[in-house]
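Heads up: the structure comes next, in structure tokens.
Residue numbers (the numbering used here): 9 to 472.
Written out as structure tokens, the structure is:
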């Protein structure tokens, strides 16, 4: 019953969420052309002429909403997450839509309409989610959606589970009683029954779910009452207590006949990171490469005319899971020994820099070719900065958690870099900031870092 109630609520929240882009474009077209903003002289066909981009927006929005968990009811009650997740989905959607519109010239759309639709979608989604929560609160107070639970377990853990369920905001639950196993302490408040009294709840209206709340060491005892529980004809679920020092942040993984439980997962394995971040990286990289092509051409020409040697510089770097790849940059140094380049830091007033190289490094324009690494899947736009194998080997022996930063894709920019820890600065501080990013990653966090990067392009103290 718990699963079916949640599925029912999530279905309606999903349908409501998927209808929002069409409403947003209706509002945007009405504002732009219905009120004749900027006094447009040419007639316009209205909303029907925007069906293609509206359909694309809806499809991308559906993917973004799925990966951001916008139709997870739990997020409606998490004020610190709901706005962030909504902004992530919105940013992802419109970056992809803008990139697709830039590449596909089959139709021409008003950029003002797209911008208004983005604002409208955010406002509509916020209002819709607030109203949906109000509706759930109404159902909760009326008692119509209450789930009646029989809990197996009477110790302090069972009491904690019961308290959480009965005071939970997501789904109202009522624990009708507790079943005590032999030798188990009684720390709960409410009716307590022995195992042989379980058949008394076989009435179809007595309970909706059975929840087993036991420490891991006592789970084997469940098999003794399993035949009796089966006769109740209601779903049976297990809440596992692994101790307060062990956090279960994700879910059970079924691999053939093996069941594995994540107790120390990484955000790099989650859907938003694997899907949303990758699509965002590709879309944004294509946009940047297209928009900066004239600048890149002038930079390449300046390098070729001012110093002998190739335009591009490639160097081995260590990336995701310790894999080595070749990272591309515009060449900013005079030609020299590869061994020296691989084992020596660039420092202020470095004599190896070319005249144009000083400017490129100061403005970070030498990093533009790394968007090709992003398209190849070797890097991300945001992540820990990649290091050379020589230094990785050195730091592994000096810093205990250094290799943890390779659990994520390396990036063109990162949390450590926008906070001033780049170049010849404290490695310990860099690791500290990189690990903070790994623990707190979100698409919104990436957008924050990208914004800070743009603000610091011409104001970096350690770029040389």
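All residues carry an ideal CB built from backbone N, CA and C; glycine is no exception.
Here the structure is a predicted model, which is why all the values come from computation and not from measurement.
Legend entry - Backbone secondary structure at residue 244 - three-state DSSP: Looking up residue 244 in the chain shown gives position 236. Of the three classes helix, strand and coil, the one that applies to residue 244 here is strand, per DSSP.
Legend entry - Closest by C-alpha distance to residue 181, when choosing among 157, 204, 190, 322: Numbered from 1 along the chain shown, position 173 holds the residue referred to as residue 181. Per the Cα distances, 157.
Inset, instruction - Would you kindly report the start and end of the unbroken alpha helix (DSSP H) that includes residue 312? - result: On the chain shown, residue 312 is found 304 positions in, with the first residue counted as 1. That run of the alpha helix (DSSP H) goes 301 to 314.
Inset, instruction - Inspect the beta-carbon positions of residue 131 and residue 291 and report whether they are closer than 8 Å. - result: Residue mapping note: residue 131 aligns to position 123 of the chain shown, counting from 1. Residue mapping note: residue 291 aligns to position 283 of the chain shown, counting from 1. No; because the gap between Cβ atoms is not below 8 Å, this pair is not in contact.
Inset, instruction - Confirm, please, whether the CB-CB distance from residue 62 to residue 30 is below 8 Å. - result: The sequence position of residue 30 within the chain shown is 22, counting from 1. The sequence position of residue 62 within the chain shown is 54, counting from 1. Closer than 8 Å, so yes.
Inset, instruction - Could you tell me whether the Cβ atoms of residue 419 and residue 392 are closer together than 8 Å? - result: Your numbering for residue 419 matches position 411 in the chain shown. Your numbering for residue 392 matches position 384 in the chain shown. Cβ distance < 8 Å, so residue 419 and residue 392 count as in contact.
Inset, instruction - Could you say if the region 147 to 154 and the region 117 to 134 meet the contact criterion of at least three C-beta pairs nearer than 8 Å? - result: no
Inset, instruction - Count the other CB atoms, across all protein chains shown, that sit within 10 Å of the CB of residue 417; report buried if there are 16 or more and exposed otherwise. - result: As a position in the chain shown, residue 417 is number 409, starting the count at 1. That one is buried.
Legend entry - Sequence-distant residues of the same chain with beta carbon closer than 6 Å to residue 275, five excluded per side: Mapped onto the chain shown, residue 275 falls at position 267. The residues are 281, 449.
Legend entry - Any 3 or more C-beta pairs closer than 8 Å across the region 295 to 303 and the region 318 to 332: no
Legend entry - Cβ shell of residue 17 (< 6 Å), same chain only, five flanking positions each side left out: Numbered from 1 along the chain shown, position 9 holds the residue referred to as residue 17. Excluding residues within five positions, the ones whose Cβ falls inside 6 Å are 81.
Inset, instruction - Check whether the Cβ of residue 393 sits closer than 7 Å to any heavy atom of the ligand PLP, and report yes or no. - result: As for the ligand PLP, it is missing from this structure, which has no ligand bound.
Inset, instruction - Report the rounded CA-to-CA distance for residue 219 versus residue 197, giving the unit in angstroms. - result: As a position in the chain shown, residue 219 is number 211, starting the count at 1. As a position in the chain shown, residue 197 is number 189, starting the count at 1. Between residue 219 and residue 197, the C-alpha separation is close to 16 Å.
Legend entry - Cβ contact (3+ pairs, closer than 8 Å) linking the region 358 to 373 and the region 388 to 402: no
Legend entry - Start-to-end residues for the alpha helix (DSSP H) that takes in residue 414: On the chain shown, residue 414 is found 406 positions in, with the first residue counted as 1. Boundaries for residue 414: no alpha helix (DSSP H) harbours it, and the DSSP string shows neither H nor E there.
Legend entry - Residue of 440, 65, 85 minimising C-alpha distance to residue 99: Taking the chain shown and counting its residues from 1, the one referred to as residue 99 is at position 91. Minimum Cα distance to residue 99 is reached at 65.
Legend entry - Contacts around residue 167, its chain only, beta-carbon distance under 6 Å, and the 5 residues preceding and following it disregarded: Taking the first residue of the chain shown as position 1, residue 167 is located at position 159. Around residue 167: 195, 196.
Legend entry - Buried versus exposed, by CB contacts within 10 Å (16 or more), residue 401: The residue given as residue 401 occupies position 393 in the chain shown. With a threshold of 16 other beta carbon atoms within 10 Å, residue 401 falls short and is exposed.
Inset, instruction - Could you pull the start and end residues of the beta strand (DSSP E) that residue 190 belongs to? - result: The sequence position of residue 190 within the chain shown is 182, counting from 1. Where residue 190 is concerned, there is no enclosing beta strand (DSSP E), given that its DSSP letter is neither H nor E.
Legend entry - Closest Cα partner of residue 286 within the set 229, 384, 239: Numbered from its first residue, the chain shown carries residue 286 at position 278. Per the Cα distances, 384.
Inset, instruction - Provide the residue span of the alpha helix (DSSP H) that contains residue 422, from first to last. - result: Indexing the chain shown from 1 puts residue 422 at position 414. Neither: residue 422 is in no alpha helix (DSSP H) and is coded neither H nor E.
Legend entry - 8 Å Cβ shell around residue 422 - same chain, five flanking residues per side excluded: Within the chain shown, numbered from 1, the residue matching residue 422 stands at position 414. Once the five neighbours on either side are set aside, the close Cβ partners of residue 422 are 390, 391, 392, 393, 441, 442, 445, 457.
Legend entry - Residues near residue 294 by beta carbon distance below 6 Å, same chain, minus five either side: Here residue 294 corresponds to residue number 286 of the chain shown, with the count starting at 1. For residue 294, where only same-chain residues beyond five positions count, the Cβ hits under 6 Å are 107.
Inset, instruction - Indicate the three-state DSSP secondary structure (helix, strand or coil) for residue 15 in the structure shown. - result: Taking the chain shown and counting its residues from 1, the one referred to as residue 15 is at position 7. Residue 15 falls in the helix class under three-state DSSP.
Legend entry - CA-to-CA distance, residue 340 to residue 310, given in whole angstroms: Here residue 310 refers to the residue found at position 302 of the chain shown. Here residue 340 refers to the residue found at position 332 of the chain shown. Spanning the two alpha carbons is a distance of roughly 11 Å.
Inset, instruction - Can you tell me which of the three DSSP states residue 216 falls into? - result: In the chain shown, the residue the question calls residue 216 occupies position 208. Looking at residue 216 - three-state DSSP - the assignment turns out to be coil, as it is neither helix nor strand.
Inset, instruction - Could you tell me the distance, in whole angstroms, from the CA atom of residue 159 to the CA atom of residue 412? - result: Locating residue 159 in the chain shown gives position 151, counting from the first residue. Locating residue 412 in the chain shown gives position 404, counting from the first residue. Approximately 40 Å, taken between the alpha carbons.
Legend entry - DSSP bridge partner residues for residue 175 (one or two, in chain order): Here residue 175 refers to the residue found at position 167 of the chain shown. Note: residue 175 sits in no beta bridge, so no partner.
Legend entry - Nearest residue (CA-CA) to residue 381, options 193, 289, 25, 76: Translated into the one-based positions of the chain shown, residue 381 becomes position 373. When each option's Cα is compared against that of residue 381, the closest is 289.
Inset, instruction - Might you give, ordered along the chain, the residues of its own chain that have their beta carbon closer than 7 Å to the beta carbon of residue 26, omitting 5 neighbours on each side? - result: Taking the first residue of the chain shown as 1, we reach residue 26 at position 18. Cβ within range, chain order: 66, 70.
Inset, instruction - Inspect the beta-carbon positions of residue 325 and residue 335 and report whether they are closer than 8 Å. - result: Here residue 325 refers to the residue found at position 317 of the chain shown. Here residue 335 refers to the residue found at position 327 of the chain shown. Going by C-beta atoms, residue 325 is nearer than 8 Å to residue 335.
Legend entry - Identity of the residues DSSP links to residue 444 by a beta bridge: Working through the chain shown from its first residue, we reach residue 444 at position 436. BP columns for residue 444 are empty, so no partner.
Legend entry - Given residue 102 as reference, the closest of 33, 235, 176, 79 once Cα atoms are compared: As a position in the chain shown, residue 102 is number 94, starting the count at 1. Checked all of 33, 235, 176, 79; the closest Cα to residue 102 is 33.
Inset, instruction - Closer than 6 Å by C-beta to residue 10: which residues in its own chain qualify, once you throw out the five before and the five after it? Chain order, please. - result: Here residue 10 refers to the residue found at position 2 when the chain shown is read from its first residue. 155, 217, listed in sequence order.
Inset, instruction - Would you decide whether residue 459 is buried or exposed? Buried here means 16 or more other CB atoms lie within 10 Å of its CB. - result: In the chain shown, residue 459 corresponds to position 451, counting from 1. When all chains shown are included, residue 459 counts as exposed.
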